[in-house]
Amino acid sequence: MTRTRGRRHPLWTAAPARLLHSPGWLLLVLLAASLLVASVVAPALFRTSARTAALDTRVETAAAQPAPGASADLRASWSGGVLPTPGEALVLERLDALPGFRPPVVGAAGTAQERRLRAVVRSGATSTGAALFTHDGVVEALGGDPDDSGVWLPTEVADRLGVEPGDRVRVGFQSVSAESAATRYVGARLSGTYDVAPGSVLPAAVADQPGSADWVLPLDPARPGSASPLVVTGRATFARLARAIDEEPLYAVDLAVDPGLDPDLAERAVAALQALAVEAFDDTTDLARFTQRAMPVATRLELASGLPDLVVEARDAATSAEQQVGPYATAGQVLAAALLVIAWVLVGRSRRREEALSAGLGVHPAATGALTVLELLPVALLALPLGTGAAVAAIDLAGPPADLGVRDLTTGDGVLALLGGALVLALPAAVAVLAALRAELGGRGRLGARVRSVPWGLLVLVITALVLVGVLSTEPARRADSPLTTLLPLLVAASAAAAVVRLAPLVRVPGARRGGPRWLAARRTAGGAGAADRGQQALTAVLAVTLGLFAYTLTVQRGLVEGADDKVAALVGAPTVTSFEEALRGTGRRAIPPPVEGSTVVWRQRVTLPPVFGAQQLLTIDPATFGAVADWGSSGTLERARGLLDRLEDPDSVGVPVLLAGDTDLEVGARGTLEVNEEMDLPYVVVGVLPAFPGSEAGTGDAAVVASSREVFPLLPGTLDPRDPLSVDAPGPFTAEVWSQAPPEELREQLGGVGLVPDGVVTTAGASVGEGLLSSAWAAQYVVVLGLVVLLLALATALALGLRLADRDAVSDVLLARMGWHPRQLAAARTWEVVRAVVTASVATAVTTAAMVLGPSLVDQVTQVLPVSRPRLGVTEVLAVVALAVAMVVASAGVGLARARGRSSAEVLRGNG
Amino acid sequence: MATAEVRAAQAVEPVVETADLTRVYRSATGETYALRGVDLVLLPGSLTVVAGPSGSGKSSLLTLLSARERPSAGELRVLGSDVAGASAGLLRRLRHRRIGYVPQRASTGLFPHLTAGDHVRQVAAWRGDRHADVHAVLDAVGLAPRAGHRPATMSGGEQQRLAVAMALVARPALVVADEPTAELDHAHADRVLDALAVAAEEGSAVVLSSHDPRVTERAGRLLRLRDGVLSSETAQSQETVAVIDSAGRLQLPPALLVRFPSRRVVVEADGDHVRLRAPEESG
């Protein structure tokens, strides 16, 4: 007798390859497992991406700021003296070693800033004002050698002095007082001459270099606000000449921020900057000692960079983004886990007899769980890279605009992926253990025991009502962060599903031909009873919940994106807003037109609008130009105001026509008196009440007043009227803003062309970082990913419904086929049932969507800025839901058809089907 | 001789003992009594067949005897353990190591990814039989050539025989088979019955249910169930005895029952006999 040899515990050794025998289940489980891993890893990747994007955005917007030290670039400077040669080398070495910055570029200029000090260049008896200047690369651009000991003069200056290259000139520094005038000169060879750029003192050869506008230039004492002609030298020659004439130069070393700056590098850069700044003022260090030995005046190294502030702001923005995304991330994890659990429950349903066999053979439930772990181990191992890759791709595509790649994964991300993998093993194992326990325990059938059915529908309704009360009693500002708020959409969807599924059987659709597929479907639906029917109802309810949640995610995504746009518009007003404290004033009582084409002027003032106490914004605008320049958001909420601009100018109106934007109890037609700057009263009449207005800056409980400058200014006294030049000296003057659609650089250039230098520049991009609105837009993108998970969940449920119906009809289909029914008719009958279930789910979805869109907003996380963001429904969302409903029908009917076709009638009748 | 058998039986520890065994199934619409007061003793080495019409409670009885469910009332001791009061772990260990069970329509209860040989080998491992002769076990039910095949490539009958092989491997103390020949042709049914008989000869207590007269003919002991009540018992001596349960109830076969249309009976003791007769019609 031969003995069959083989593995001793084949159930265990075969487990890892088991799912390969059922590729359909393998794909479903692998998909669910990958999504779960992705949902666990994604929040951390989102954090990384948000930090990077926030920093990039902040660095980019700060570059447009006119104030020095506001951008991320570093300017290290010292003034009053030339450092000893080793000292300068040490400073440059330390600066060069700073992480996060490109190599230093040195520039220096004489600082004859007072009328008693004057830098000159002289030849023979002729002298003219000109100051020493050096900047890395300039001598080379003039065709010279940076180590050349000579100087370069503007052609005009050389001509005036009557010198040519090769001649000797004297560079001097005059000290003038009431009693005397002392000048120190040092001789230098004229190495060359150069043509200056128009409107500048810089050589034409370098004037168009990036950043040349920020080079330090010597001021001309004779012409304040403009620069002196330049005596251009190499760096070493500058130091030698400056020492010789006791010049007190200003050195500026510029370090551009590294274009590849990431949040970690930025943190290191800030730490190094702060350490260097401390060292510069610590006299025990070589750095401080060298700067103290500068000649002729001891000096200190000073560092100016906006990077520390930008890093803090970016960190805050990232934290805000993380907080805003938190509820969606949690929901995504729960849904992904639910998808995996549902997938494994479906797998378990297909193995019910096998479960009974295992229980009969006394297999321990823990062993069943361990077998499940073994079976899913390859899936988990595959899901780790797939899920992590999916998370990277999803965050890269739909998350913050940072270039996220696999290289950005950290050890922490790896640990999270492993945690996701552990969940992939643990959740199905728990499902398997529970199923094994249920199969093992069986029905005990104690005498006298009663069967109690749980009223799930009523229970869900009651819980929904309780949670709704909890949400509504939460302060609106904290509502979005509440776990109850995360739960409420699911409960509303479940309640709607429970109610609609309960009512659906009462609806009878007439017109079905007797003996046709629809008639059969109706008979089967009406004839259902007991556990099978309840199971089908439960699946229909789950379909309704998933479809409802899918619709909700779409409306939330749209609401958050459009809400963020609206808030940015309400906060800033236009793509680029430049502000002027004093520069923009009129010359008399005449209208001040927009200074450059394509702009509008907006004046701001604080007013009191009784009965509300406290200052509120008064925006006086030019209605004629305002509409075309202002940012009107994207939801249409602000757009309503556009049509009301004409009402702001009514010559027959008694009182200034005003629009109120924000939270107010006043209504159209209300009249009253505004108190402007606490010194004069202005009668008004309300011609429109709006939730927000471009630039209104109103928050919850606050309202801004919008009026036409043509109506307001003539009523003001001269001390307040911005058209009057004297209003500059009045307390609390109007501040002026020039709004434009042009990018900030372009607007600054345009304004510079008319002699206006703004005191501040605000862009929509910069403002959105600061107020957490950018984060809000990112959170919206996360909701898209969440919607995809829900979509898969919905499709999985549709598949389950299809399988269930096909299994239910297995025997009856065989019998009906033998009675003459065509398989196509049987499939059509089942499809009608699926259609009915999906239509029922769609009705529940409509109820859910209406409740969530029309009810109080649960999604606004930036309540400090109005208008309120709320879920919004558009044609795209409706089409997407309809498309999913159709896909559900197709998937459900298709899988049912495939299951039915795969059976042999003999096997079905024998009970194996 | 009969006395000697009784003495021998008393000397051997019963594999199964029941007293007033009752099983009730609950549903939303009420309770259904599957078994009412069954008293039974199964000894090692016995081959017992439970017969009865559909719905008489055969499967319920066998499910209880295999320690897969607990009784609703009454006593049930399997291999010395009180099934009603035993822990789930103890019952699981019993099923795991000492009870072989062939469920009704066993063909659907197999592991689809294991071969026939793997099925037998795995159960042998669970029952602690390191040296189980898998080939011999499969050969006993005519499946040796199919050892390397998975259930999907086997016929329903082959799957049924595989389930029987799994129940018999490693000689469990109790073998419970619910209609093990239902899907088999005569030749294979005989082969399966032979294998079950061999198991009984080797000391296992074998109990199976069936409608098949060829199966009941081979029973060492035939129990008939009707409406959840054990109505009669036929031993190999071919003498059929009616069963009086622990409450004193006696179930008459239908052929006798028609003699008592009023469902009333007069019981008369007459020496060693007890006589039943219909009451005289009054008036």
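These protein sequences, in sequence, are chains A and B.
Using UniProt numbering, the first residue of the first sequence is number 1, and each one after it goes up by one.
Using UniProt numbering, the first residue of the second sequence is number 1, and each one after it goes up by one.
Think of the CB as a built atom: it goes at the ideal place given N, C-alpha and C, for glycine as much as any other residue.
### Task
Compare the C-beta of G109 (chain B) with all C-beta atoms of chain A and state if any pair is closer than 7 Å.
yes
### Task
Grab me the residues of V784 (chain A)'s own chain with a C-beta within less than 6 Å of its C-beta, minus the 5 sequence neighbours each way, in chain order.
A398 and Q557
### Message
Since P401 (chain A) and A53 (chain A) should fall inside the 8 Å C-beta cutoff, what is the C-beta to C-beta distance between them, to a whole number of angstroms?
### Response
Going by Cβ atoms, the distance from P401 (chain A) to A53 (chain A) rounds to 5 Å, so yes, they are a contact pair.
#### Entry: Short CB-CB distance (under 7 Å) between A353 (chain A) and chain B
Strictly speaking, residue 353 (chain A) in this sequence is Arg, with Ala absent from that position. Answer yes: the Cβ-Cβ gap between R353 (chain A) and chain B drops below 7 Å somewhere.
### Query
Residues of chain B with a CB under 7 Å from the CB of P10 (chain A): which are they?
By Cβ distance, chain B contributes L114, D118, R121 and Q122.
### Entirely enclosed alpha helix (DSSP H) segments - the stretch 326-412 of chain A, minimum 4 residues
352-360 and 365-398
### Task
Give, in chain order, every residue of the stretch 52-68 of chain B whose Cβ lies closer than 9 Å to some Cβ of chain A.
T63, S66, A67 and R68
### Task
Have a look at A:D565, A:S350, A:E156 and A:S39 and flag the residue whose alpha-carbon is nearest the alpha-carbon of A869 (chain A).
Just to set this straight, residue 869 (chain A) is Ser in the shown sequence, not Ala. When only C-alpha atoms are compared, the closest one is A:D565.
#### Entry: Under 7 Å between C-beta atoms of A19 (chain B) and R224 (chain B)
A19 (chain B) is not a Cβ neighbour of R224 (chain B), given a cutoff of 7 Å.
### Message
Using C-beta distances below 8 Å, list every residue in its chain close to V265 (chain B), excluding the 5 sequence neighbours before and after it, in chain order.
### Response
L276, R277, A278 and P279
### Query
Which chain A residues are close to H96 (chain B), counting only those with a beta carbon under 9 Å from its beta carbon?
The CB of H96 (chain B) comes closer than 9 Å to the CB of L361, G362, V363 and H364 in chain A, given here in chain order.
### Own chain residues within Cβ distance below 8 Å of T183 (chain A), not counting five before or after
V120, G172, F173, Q174 and S175
### Message
Between residue 973 (chain A) and chain B, is any beta-carbon pair separated by less than 7 Å?
### Response
Outside the shown range of chain A (1 to 913) lies residue 973 (chain A), about which nothing can therefore be said.
### Query
Counting pairs of beta carbons, one from the stretch 841-855 of chain A and one from the stretch 486-506 of chain A, are three or more of them closer than 8 Å?
yes
#### Entry: Bridge partners - P296 (chain A), DSSP secondary structure assignment
A:G81
### Query
Taking the alpha-carbon positions, what's the T700 (chain A) to L715 (chain A) distance?
Whole-angstrom Cα-Cα distance: 30 Å.
### Segments assigned beta strand (DSSP E), at least 3 residues, entirely inside the stretch 88-128 of chain A
Within the stretch 88-128 of chain A, the complete beta strand (DSSP E) runs of at least 3 residues are 105-109 and 117-123.
### Candidates A:V689, A:G672, A:P733 and A:L404: closest to D681 (chain A) by CA position
The shortest C-alpha to C-alpha distance from D681 (chain A) to any of A:V689, A:G672, A:P733 and A:L404 is the one to A:G672.
### Task
Work out the CA separation of D631 (chain A) and T764 (chain A) for me, nearest whole Å.
Roughly 9 Å separates the two Cα atoms.
### Task
Starting from the beta carbon of R18 (chain A), find every residue of chain B whose beta carbon is closer than 7 Å, and list them in chain order.
H113
### Query
Taking the C-alpha atoms as reference points, what is the distance between G234 (chain A) and D283 (chain A)?
30 Å
### Task
Starting from R870 (chain A), trace the beta strand (DSSP E) both ways and give me its first and last residue.
Segment: none, R870 (chain A) is in no beta strand (DSSP E) and carries neither H nor E.
### Query
Should L466 (chain A) and A569 (chain A) be called a contact, given that it needs their Cβ atoms to be closer than 7 Å?
no
### Query
Three or more beta-carbon pairs under 8 Å between the stretch 270-282 of chain A and the stretch 299-306 of chain A, yes or no?
yes
### Proximal residues of chain A, C-beta to C-beta of A125 (chain B) below 8 Å
Under the 8 Å cutoff, chain A gives R8 and H9.
### Simplified DSSP state of residue 937 (chain A), which is helix, strand or coil
Outside the displayed range of chain A (1 to 913) lies residue 937 (chain A), so it cannot be described from this structure.
### Message
Using CA atoms only, rank isn't needed, just tell me which of A:A670, A:V676, A:A798 and A:A390 is closest to L547 (chain A).
### Response
Ranked by Cα distance from L547 (chain A), the first of A:A670, A:V676, A:A798 and A:A390 is A:A798.
### Query
Do A252 (chain A) and S77 (chain A) have their CB atoms nearer than 7 Å?
yes
### Message
According to DSSP, A242 (chain B) sits in a beta bridge with which residue or residues?
### Response
According to DSSP, which records beta bridges pairwise, A242 (chain B) is partnered with B:S232.
### Start-to-end residues for the beta strand (DSSP E) that takes in S60 (chain B)
If you look at S60 (chain B), you'll find it isn't in any beta strand (DSSP E); it sits in the alpha helix (DSSP H) that goes K58 to L65.
### Task
Please confirm if the stretch 496-506 of chain A is in contact with the stretch 816-832 of chain A, defined as three or more CB-CB distances below 8 Å between the two stretches.
No contact exists between the stretch 496-506 of chain A and the stretch 816-832 of chain A.
#### Entry: Selected residue, minimal CA-CA separation from G655 (chain A), among A:Q617, A:V712, A:A394 and A:D96
A:V712
### Query
Is the Cβ of R899 (chain A) closer than 7 Å to any Cβ of chain B?
no
### Query
Rounded to whole angstroms, how far is the Cβ of L255 (chain A) from the Cβ of L117 (chain A), which I believe are closer than 8 Å?
Taking C-beta atoms under 8 Å as the contact rule, L255 (chain A) and L117 (chain A) fail to qualify, at a distance of about 29 Å.
#### Entry: Length of the line joining the Cα atoms of A439 (chain A) and P23 (chain A)
26 Å
### Query
Whose Cβ in chain A lies nearer than 9 Å to the Cβ of R191 (chain B)?
Close partners of R191 (chain B) in chain A (Cβ separation under 9 Å) are lacking, with about 17 Å as the shortest Cβ gap.
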